[in-house]
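Engineer:
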Amino acid sequence: MSSSFRAREVCDKVYAVGAIDWELAEFHGYHTPHGTTYNAYLILADKITLIDTVKAKYTDELLARISSVIHPSRIDYIVSNHSELDHSGALPKIIEAVQPEAVYASPKGVQALERHFHDDLKLNAVKDGDKLSLGNMELTFQLTSMVHWPDSMFSFLDHGKVLFSNDAFGMHVASSKLWADEHDPGHVAAELKNYYANILWLTSRAVQKVFKGMDKAEIEPSIILPDHGPGWRNNLEKPLGLYKDWSEGKKDPNKAVILFDTMWGSTALMARVIADGLIEGGMDVQVLPLAKTERAKVALECLDASLLIVGSPTLNGGLFPTIADVLTYISGLNPGKPRIKGAVFG
Numbered sequence: 106m107s108s109s110f111r112a113r114e115v116c117d118k119v120y121a122v123g124a125i126d127w128e129l130a131e132f133h134g135y136h137t138p139h140g141t142t143y144n145a146y147l148i149l150a151d152k153i154t155l156i157d158t159v160k161a162k163y164t165d166e167l168l169a170r171i172s173s174v175i176h177p178s179r180i181d182y183i184v185s186n187h188s189e190l191d192h193s194g195a196l197p198k199i200i201e202a203v204q205p206e207a208v209y210a211s212p213k214g215v216q217a218l219e220r221h222f223h224d225d226l227k228l229n230a231v232k233d234g235d236k237l238s239l240g241n242m243e244l245t246f247q248l249t250s251m252v253h254w255p256d257s258m259f260s261f262l263d264h265g266k267v268l269f270s271n272d273a274f275g276m277h278v279a280s281s282k283l284w285a286d287e288h289d290p291g292h293v294a295a296e297l298k299n300y301y302a303n304i305l306w307l308t309s310r311a312v313q314k315v316f317k318g319m320d321k322a323e324i325e326p327s328i329i330l331p332d333h334g335p336g337w338r339n340n341l342e343k344p345l346g347l348y349k350d351w352s353e354g355k356k357d358p359n360k361a362v363i364l365f366d367t368m369w370g371s372t373a374l375m376a377r378v379i380a381d382g383l384i385e386g387g388m389d390v391q392v393l394p395l396a397k398t399e400r401a402k403v404a405l406e407c408l409d410a411s412l413l414i415v416g417s418p419t420l421n422g423g424l425f426p427t428i429a430d431v432l433t434y435i436s437g438l439n440p441g442k443p444r445i446k447g448a449v450f451g
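106 is the number of the first residue of the sequence shown in the working numbering; add one for each residue after it.
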């Protein structure tokens, strides 16, 4: 297996050793047509360190990639930035294979991992701002609670100014290309937005705190390596700027979303008439017929829209089921401030 699954150097002394999930079709209730990656990274410092692991089914692949660089037993430390099982599922077997000196996680990460696995994993809790010497390099930890779980944290490597950002700045894209700048820019922007809208929108206030924490700790990355999708090495202003805008609730004043479903065409006709009027008035209109629109797409378009117009036929004295479903989904994601202006028809 080691000849099939090999590590790839992403920057000086840092190797990608995670897994590509070409088959993933659904994540947290939304469709993921492009699959995903479970990124893990090996730092070849004096104290060799593994950042995160992978979903349990990819444990052997992770070990094979590590083995293409070093024998796994040479790993001194393991850092778990996030305890969700797509990043920690392999952890018990990796610890068994590696026998590291220590495993580090946030305080809530320690709690979560202990509850997941009920094993003695040699876990050590780190606080916000703690530093871990790797001999010739150093990691700084930043707690990023609720981006997107309570245990989430960043690890910042001084060598090369590399930020291991766990779920932040990631996207669900399975690809052999390691960097965002190797992909179509439009595709990358859409998937970055799709991930934020469907995973992090609700916790936008926590995202704002992350930026304040980065400023306080003087974390200025040159490279960002998330746990899903490609990394960022050029034009970091793009993902950082978009996250700031989305977390602050910045809206496009000219963007309107019309969401509707129909039984016999009447509601669809009303949607077309309303859309035409808004277009005549100079608005950028996105019309989303639920017969062919997934919930994730609705969230993506609503993230930066200033106006949401919902149309529904009446069924059994209430909303059409597809409309009720998507409104429940969106209300669970929207942090509420700033509010989207709304209107209804049907």
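From the three backbone atoms N, C-alpha and C, an ideal C-beta is built for every residue, glycine too.
Please confirm whether residue 366 and residue 372 have their CB atoms less than 9 Å apart.
Structural biologist: Yes, they are a contact pair.
Engineer: If we ignore side chains and look at the alpha-carbon of each, how far apart do residue 112 and residue 232 end up?
Structural biologist: So the two alpha carbons sit approximately 30 Å from each other.
Engineer: What is the residue span of the beta strand (DSSP E) that residue 214 lies within?
Structural biologist: Residue 214 -> not in any beta strand (DSSP E); alpha helix (DSSP H) instead, spanning 212 to 222.
Engineer: So what does DSSP say about residue 274, is it helix, strand or coil?
Structural biologist: In this structure, residue 274 counts as coil in the three-state DSSP scheme.
Engineer: Could you compute how far the alpha carbon of residue 65 sits from the alpha carbon of residue 163?
Structural biologist: No answer is possible for residue 65: it lies beyond the span of the chain, which begins at 106 and ends at 451.
Engineer: Near residue 225, which residues of its chain fall below 7 Å by C-beta distance, leaving aside the five closest residues on each side in sequence?
Structural biologist: There are no such residues.
Engineer: Please go through the same chain and pick out, in chain order, the residues whose beta-carbon is closer than 6 Å to the beta-carbon of residue 327, but skip the five residues on each side of it.
Structural biologist: Same-chain partners within the cutoff: 266.
Engineer: Check each candidate in 434, 257, 132, 148 and name the one with the smallest Cα separation from residue 240.
Structural biologist: Selected option, being the one with the closest Cα: 148.
Engineer: Taking 8 Å as the cut-off, does the stretch 374 to 389 touch the stretch 424 to 442 (at least 3 CB pairs, one atom from each stretch)?
Structural biologist: No, the stretch 424 to 442 does not touch the stretch 374 to 389.
Engineer: Looking at C-alpha atoms only, which residue of 299, 289, 314, 370 is the closest neighbour of residue 257?
Structural biologist: Of the listed residues, the one whose Cα sits closest to residue 257 is 314.
Engineer: Per DSSP, what are the beta-bridge partners of residue 447 in this structure?
Structural biologist: In the DSSP output, where bridge partners are listed per residue, residue 447 has 413.
Engineer: Does DSSP put residue 258 in a helix, a strand or coil?
Structural biologist: Three-state result, residue 258: strand.
Engineer: How should residue 201 be labelled, buried or exposed, when 16 other C-beta atoms within 10 angstroms of its C-beta is the threshold for buried?
Structural biologist: Residue 201 should be labelled exposed.
Engineer: Thinking C-alpha only, which one of 143, 153, 376, 176 is nearest residue 188?
Structural biologist: The option with the nearest alpha carbon to residue 188 is 143.
Engineer: Using the beta-carbon count (16 or more within 10 Å), is residue 346 buried or exposed?
Structural biologist: The residue is exposed, with fewer than 16 neighbouring Cβ atoms inside 10 Å.
Engineer: Just grab the DSSP bridge partners of residue 116 for me.
Structural biologist: According to DSSP, residue 116 bridges with 119.
Engineer: What residues match up with residue 425 in a beta bridge as DSSP calls it?
Structural biologist: DSSP, once it has assigned bridges, lists no residue as partnering residue 425.
Engineer: Using the Cβ count rule (16 or more neighbours within 10 Å means buried), how would you classify residue 351?
Structural biologist: Buried.
Engineer: Taking C-alpha atoms, which residue in 243, 204, 212 lies nearest to residue 151?
Structural biologist: The shortest Cα separation from residue 151 among 243, 204, 212 belongs to 243.
Engineer: When DSSP labels each residue in this structure, what does residue 361 get in the three-state scheme?
Structural biologist: DSSP places residue 361 in strand when its eight states are reduced to three.
Engineer: Looking at the strands, I want to know which residues DSSP matches up with residue 183.
Structural biologist: 155, 208, per the DSSP bridge assignment.
Engineer: Here's the rule: buried if 16 or more other CB atoms are within 10 angstroms of the residue's CB, otherwise exposed. What is residue 378?
Structural biologist: Classification of residue 378: exposed, given that the 10 Å Cβ count is below 16.
Engineer: With DSSP as the reference, label residue 439 as helix, strand or coil.
Structural biologist: DSSP places residue 439 in coil when its eight states are reduced to three.
Engineer: If the criterion is Cβ atoms closer than 9 Å, does the pair residue 268 and residue 304 meet it?
Structural biologist: Against a cut-off of 9 Å, the Cβ pair of residue 304 and residue 268 comes out as no contact.
Engineer: What are the uninterrupted segments assigned as beta strand (DSSP E) that are 3 or more residues long and contained completely in the stretch 304 to 379, given in chain order?
Structural biologist: Here the runs fully enclosed are 328 to 330, 357 to 365.
Engineer: Please report how far the alpha carbon of residue 312 lies from the alpha carbon of residue 249, in whole angstroms.
Structural biologist: Cα to Cα, residue 312 sits roughly 8 Å from residue 249.
Engineer: Provide the residue span of the alpha helix (DSSP H) that contains residue 193, from first to last.
Structural biologist: Counting along the chain, the alpha helix (DSSP H) containing residue 193 begins and ends at 190 to 193.
Engineer: Would you give the residue range spanned by the alpha helix (DSSP H) that residue 146 belongs to?
Structural biologist: From DSSP, residue 146 is part of no alpha helix (DSSP H) but of the beta strand (DSSP E) over 146 to 148.
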